[in-house]
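Here the structure is laid out as structure tokens; the discussion comes afterwards.
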Amino acid sequence: MDELMQILENLRPDVDFENETALITNGVLDSFDIVALVGELNDEFDIEIKPNNLIPENFNSAKAMWAMIEKLQDE
Amino acid sequence: METSVLNRLDKTAAAFPDKVMFRDETAEITFGEFDRLTKSVGTYLAQRVPAGAPIAVMSGRHILTPSCFLGAVRAGCFYAPMDGDMPQTRLNQIIGVIRADFMLVDRAHLETAQKLDFDGEIIVFEDIRDTEPDEALLAAREKTLGCTSPLYVIFTSGSTGVPKGVITSHQSLMTYIDSVAKVLGINSDDTLGNQSPLDYIAAVRDIYFPVSFGASTYIIPKNEFAVPTTLFDTLNREKITALCWSVAGVELPAKLGAFDVGKPEYLKKLCFSGSVMPCKYLKIWQEHLPDVLYVNQYGPTEATASCTYYVVKEKVTDDTVLPIGTPYDNYHVMLLSEDNTATPQGETGEICVSGPILALGYYGNKEQTEKSFLQNPLNDNYRELIYKTGDLGHFDENGILHFHGRKDRQIKHLGHRIELGEIEETAKKIAGVTDCCALYYKDKATLYLFYVGPATSKEIVLYFRQNMPAFMVPRKLINLEALPTLPNGKTDMQTLKSYFK
Chain A
0 MDELMQILEN LRPDVDFENE TALITNGVLD SFDIVALVGE LNDEFDIEIK
50 PNNLIPENFN SAKAMWAMIE KLQDE
Chain B
0 METSVLNRLD KTAAAFPDKV MFRDETAEIT FGEFDRLTKS VGTYLAQRVP
50 AGAPIAVMSG RHILTPSCFL GAVRAGCFYA PMDGDMPQTR LNQIIGVIRA
100 DFMLVDRAHL ETAQKLDFDG EIIVFEDIRD TEPDEALLAA REKTLGCTSP
150 LYVIFTSGST GVPKGVITSH QSLMTYIDSV AKVLGINSDD TLGNQSPLDY
200 IAAVRDIYFP VSFGASTYII PKNEFAVPTT LFDTLNREKI TALCWSVAGV
250 ELPAKLGAFD VGKPEYLKKL CFSGSVMPCK YLKIWQEHLP DVLYVNQYGP
300 TEATASCTYY VVKEKVTDDT VLPIGTPYDN YHVMLLSEDN TATPQGETGE
350 ICVSGPILAL GYYGNKEQTE KSFLQNPLND NYRELIYKTG DLGHFDENGI
400 LHFHGRKDRQ IKHLGHRIEL GEIEETAKKI AGVTDCCALY YKDKATLYLF
450 YVGPATSKEI VLYFRQNMPA FMVPRKLINL EALPTLPNGK TDMQTLKSYF
500 K
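Dropping the structure here:
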């Protein structure tokens with residue numbers, strides 16, 4: 000989780016990832032943030048985020064992203 | 000001959016009164032309703048504003064925004080669209096250039112508008128939308144318009160740190176719209192899927208294909224581009240037949256694997272522009288949609304965002320570099336060498352363009368205008384202005400134009416045009432930055448800022464987020480003891496580029 004927070008912090012230091020829970024739904028992260036993020040998460044956690052994983056529920060909060068990463072690592 | 004885009008709106012509104020013109024996530028508007036709205040807005044404005052005045056418009060990503068634009072035109076005025084999501088500093092810069100006495104906003108942007116350094120009158124669209132149209136007044140205002148009257152002013156990055164307002168006339172816009180519609184075969188059966196922000200030049204097709212030909216446009220919600228599976232579902236639900244997107248927008252679904260789960264079933268035409276298309280992504284589109292017409296468009300805002308086009312007939316591979324093709328109808332394109340002579344065929348020169356699509360210049364900026372729009376040095380016989388694009392290219396033996404990058408430090412990032420000099424000017428305003436150099440790592444589409452000084456990268460990014468559009472925020476910041484220099488004292492950019500990773 001610390002690693003993830005570090006990536007998010009570097010990507011968008013202006014966003015409060017601890018508390019924000021509608022990152023996609025409220026348009027805090029835009030499509031270009033997501034493209035950059037997906038690439039970094041795939042590399043960093045050795046996972047493959049598929050189009051089916053790209054739903055708002057998986058990216059709306061740091062917690063949800065972490066849950067998705069753990070799930071993909073188990074697969 | 001048409002005198003303004005209003006001729007077109009009058010015709011399509013009469014021909015398709017009950018057809019949907021614009022739709023978004025929550026609402027739709029027919030041609031008849033749209034026409035009526037523009038007349039209400041136009042009447043209200045005409046009662047207060049002289050003809051020929053600029054109207055600043057700040058309105059969101061929804062169906063009513065185009066009616067604000069055309070409402071200003073009905074009043075005999077021209078519009079300057081502003082993106083309310085942009086930081087206040089940026090909006091204030093735009094206001095400083097356009098110096099409008101009136102700003103038209105939707106209610107959602109009223110608070111933002113009130114915080115700006117704007118001393119004119121703010122008009123809320125929702126308050127005036129039911130104004131009874133005064134046909135006589137509107138007819139008198141329409142009479143003041145001619146095809147060379149300004150239609151809109153759209154802002155683009157300027158290397159000195161102040162955005163430049165490019166003025167487009169009715170004639171330029173109509174010339175471009177007709178030329179591109181001919182290539183794409185646009186008609187009233189088409190439904191467009193709008194990607195570009197409505198205040199941005201790339202949206203003119205999504206607005207004026209309906210106005211000109213009775214096509215419809217669906218305004219795609221912005222956050223759907225982050226969710227590619229939903230994006231394709233939307234294109235199919237809305238039966239979208241034509242897309243005029245930035246290259247960055249076309250890349251996205253291919254990059255995020257959207258074709259693994261679906262494809263746009265109704266799509267027939269795809270025009271992309273704004274930067275060089277990486278063909279590994281276009282290949283994915285072609286594999287899944289072999290029958291779609293793919294058009295690569297090239298051109299600067301100063302020539303109504305266009306110049307040449309190339310219809311992609313071949314099957315592309317990862318390494319294909321697409322030509323930028325041949326000029327649109329009514330565009331004249333030529334190459335000039337450094338000494339202002341004609342570039343011989345096959346050799347590389349600066350791409351220059353002339354014709355009725357040339358912008359009227361930069362708003363309120365005579366100096367920049369005269370620097371960029373010049374008498375054709377090859378023509379001693381009569382007045383012929385050309386725009387020097389700063390782009391390099393060569394014509395092959397078949398008269399097809401190929402693109403070879405920039406002469407200067409302008410880049411294309413995420414579909415937007417950016418002067419690296421403007422990034423540097425902005426960074427230098429931060430207290431902890433004493434020196435800096437902005438560079439673009441094209442392979443990874445990443446904006447780098449190398450800087451000297453005690454500022455933290457977080458401080459710098461926060462400053463940019465507060466003062467600049469999102470696409471101008473550097474993604475990678477590298478703190479150095481000093482910038483490397485060449486023997487002549489200039490920054491050694493090649494060494495800096497070796498730090499890209």
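Quick note, the sequences are listed as chains A and B, same order. Just so we're aligned: 70 in numbering that gives the first Met the number 0 is position 71 of the first sequence, and the numbers increase by one with no gaps anywhere. Just so we're aligned: 441 in numbering that gives the first Met the number 0 is position 442 of the second sequence, and the numbers increase by one with no gaps anywhere. Just so it is clear, CB atoms sit at the ideal spot from N, CA and C, and this is done for glycine as well.
Using the C-alpha atoms, what's the distance from residue j back to residue i?
i             : j             : result
residue 449/B : residue 424/B : 13 Å
residue 40/B  : residue 84/B  : 23 Å
residue 172/B : residue 7/A   : 42 Å
residue 299/B : residue 68/A  : 42 Å
residue 17/B  : residue 134/B : 21 Å
residue 82/B  : residue 112/B : 11 Å
residue 254/B : residue 211/B : 34 Å
residue 440/B : residue 162/B : 23 Å
residue 71/B  : residue 44/B  : 7 Å
residue 195/B : residue 245/B : 7 Å
residue 204/B : residue 191/B : 9 Å
residue 2/A   : residue 318/B : 35 Å
residue 483/B : residue 404/B : 25 Å
residue 22/B  : residue 189/B : 13 Å
residue 9/A   : residue 16/A  : 11 Å
If I measure Cβ to Cβ from residue i and keep anything under 6 Å in the same chain, skipping five residues before and after, which residues do I get?
i             : result
residue 413/B : 247, 470
residue 50/B  : 75, 140, 143
residue 402/B : 323, 392
residue 456/B : 476
residue 57/A  : 63, 67
residue 23/A  : 55, 58, 59
Is the beta carbon of residue i less than 8 Å from the beta carbon of residue j?
i             : j             : result
residue 137/B : residue 38/B  : yes
residue 168/B : residue 147/B : yes
residue 102/B : residue 127/B : no
residue 309/B : residue 321/B : yes
residue 268/B : residue 241/B : yes
residue 372/B : residue 389/B : no
residue 228/B : residue 28/A  : no
residue 349/B : residue 156/B : no
residue 149/B : residue 77/B  : yes
residue 263/B : residue 231/B : yes
residue 62/B  : residue 79/B  : no
residue 427/B : residue 436/B : no
residue 50/A  : residue 256/B : yes
residue 104/B : residue 124/B : yes
residue 273/B : residue 201/B : yes
residue 26/B  : residue 54/B  : no
residue 327/B : residue 307/B : yes
State the beta-bridge partners of residue i as determined by DSSP.
i             : result
residue 244/B : 271/B
residue 390/B : 405/B
residue 91/B  : In the DSSP output, where bridge partners are listed per residue, residue 91/B has none listed.
residue 434/B : 451/B
residue 325/B : 308/B
residue 28/A  : Residue 28/A pairs with nothing; no bridge assigned.
residue 168/B : 149/B
residue 32/B  : Its beta-bridge partners do not exist; DSSP assigns none.
So, for residue i: in the same chain, excluding its five sequence neighbours on each side, which residues have a beta-carbon less than 7 Å away from its beta-carbon?
i             : result
residue 346/B : 393
residue 82/A  : Summary: the structure shown does not reach residue 82/A, with chain A confined to residues 0 through 74, and so no result is reported for it.
residue 408/B : 418, 419, 420
residue 365/B : none
residue 314/B : 285
residue 187/B : 15, 212, 213, 214
residue 44/A  : 68, 72
Would you say residue i lies against chain E (beta-carbon separation less than 8 Å)?
i             : result
residue 449/B : Among the protein chains of the structure shown, namely A and B, there is no chain E.
Residues in the same chain with beta-carbon distance under 8 Å from residue i, minus the five sequence neighbours each way, listed in chain order, please.
i             : result
residue 464/B : 86, 472
residue 35/B  : 132
residue 496/B : 438, 440
Using a threshold of 7 Å, is the CB atom of residue i nearer than that to any non-hydrogen atom of the ligand PLP?
i             : result
residue 373/B : Summarising the ligand content, the structure contains no ligands, and the ligand PLP is consequently not present.
Practice task
Identify each residue in the stretch 88 to 117 of chain B for which the Cβ-Cβ distance to at least one residue of chain A is less than 9 Å, and report them in chain order.
Solution key: none
Practice task
Could you run through the stretch 134 to 163 of chain B and flag, in chain order, every residue whose CB is less than 7 Å away from some CB of chain A?
Solution key: none
Handout entry: Near-chain B residues of the stretch 48 to 59 of chain A - C-beta to any C-beta below 7 Å
Key = 49, 50, 51, 53, 54, 55
Exercise for the section: Can you give me, in chain order, the residues of the stretch 453 to 464 of chain B that have a beta carbon less than 7 Å from any beta carbon in chain A? Expected result: Per Cβ criterion, the list reads 457, 460, 461, 464.
Practice task
Closer than 7 Å, Cβ to Cβ, to anything on chain A: give me those residues from the stretch 228 to 245 of chain B, in chain order.
Solution key: Listed in sequence order: 228.
Exercise for the section: Please name the residues in the stretch 12 to 23 of chain A whose beta-carbon is closer than 8 Å to at least one beta-carbon of chain B, in chain order. Expected result: Answer in chain order: 12, 13, 23.
Exercise for the section: Taking only beta carbons into account, state which residues of the stretch 241 to 273 of chain B come closer than 7 Å to chain A, listed in chain order. Expected result: Residues of the stretch 241 to 273 of chain B with a C-beta less than 7 Å from any C-beta of chain A: 251, 254, 255, 256, 257, 259, 260, listed in chain order.
Practice task
With 8 Å as the C-beta to C-beta threshold (strictly closer), list the residues of the stretch 9 to 35 of chain B near chain A in chain order.
Solution key: none
Practice task
Return the residues of the stretch 196 to 226 of chain B that lie within a Cβ-Cβ distance of less than 8 Å from chain A, sorted by chain order.
Solution key: 221, 222, 224, 225, 226
Practice task
Select from the stretch 412 to 423 of chain B all residues with a C-beta closer than 8 Å to any C-beta belonging to chain A, and list them in chain order.
Solution key: 413
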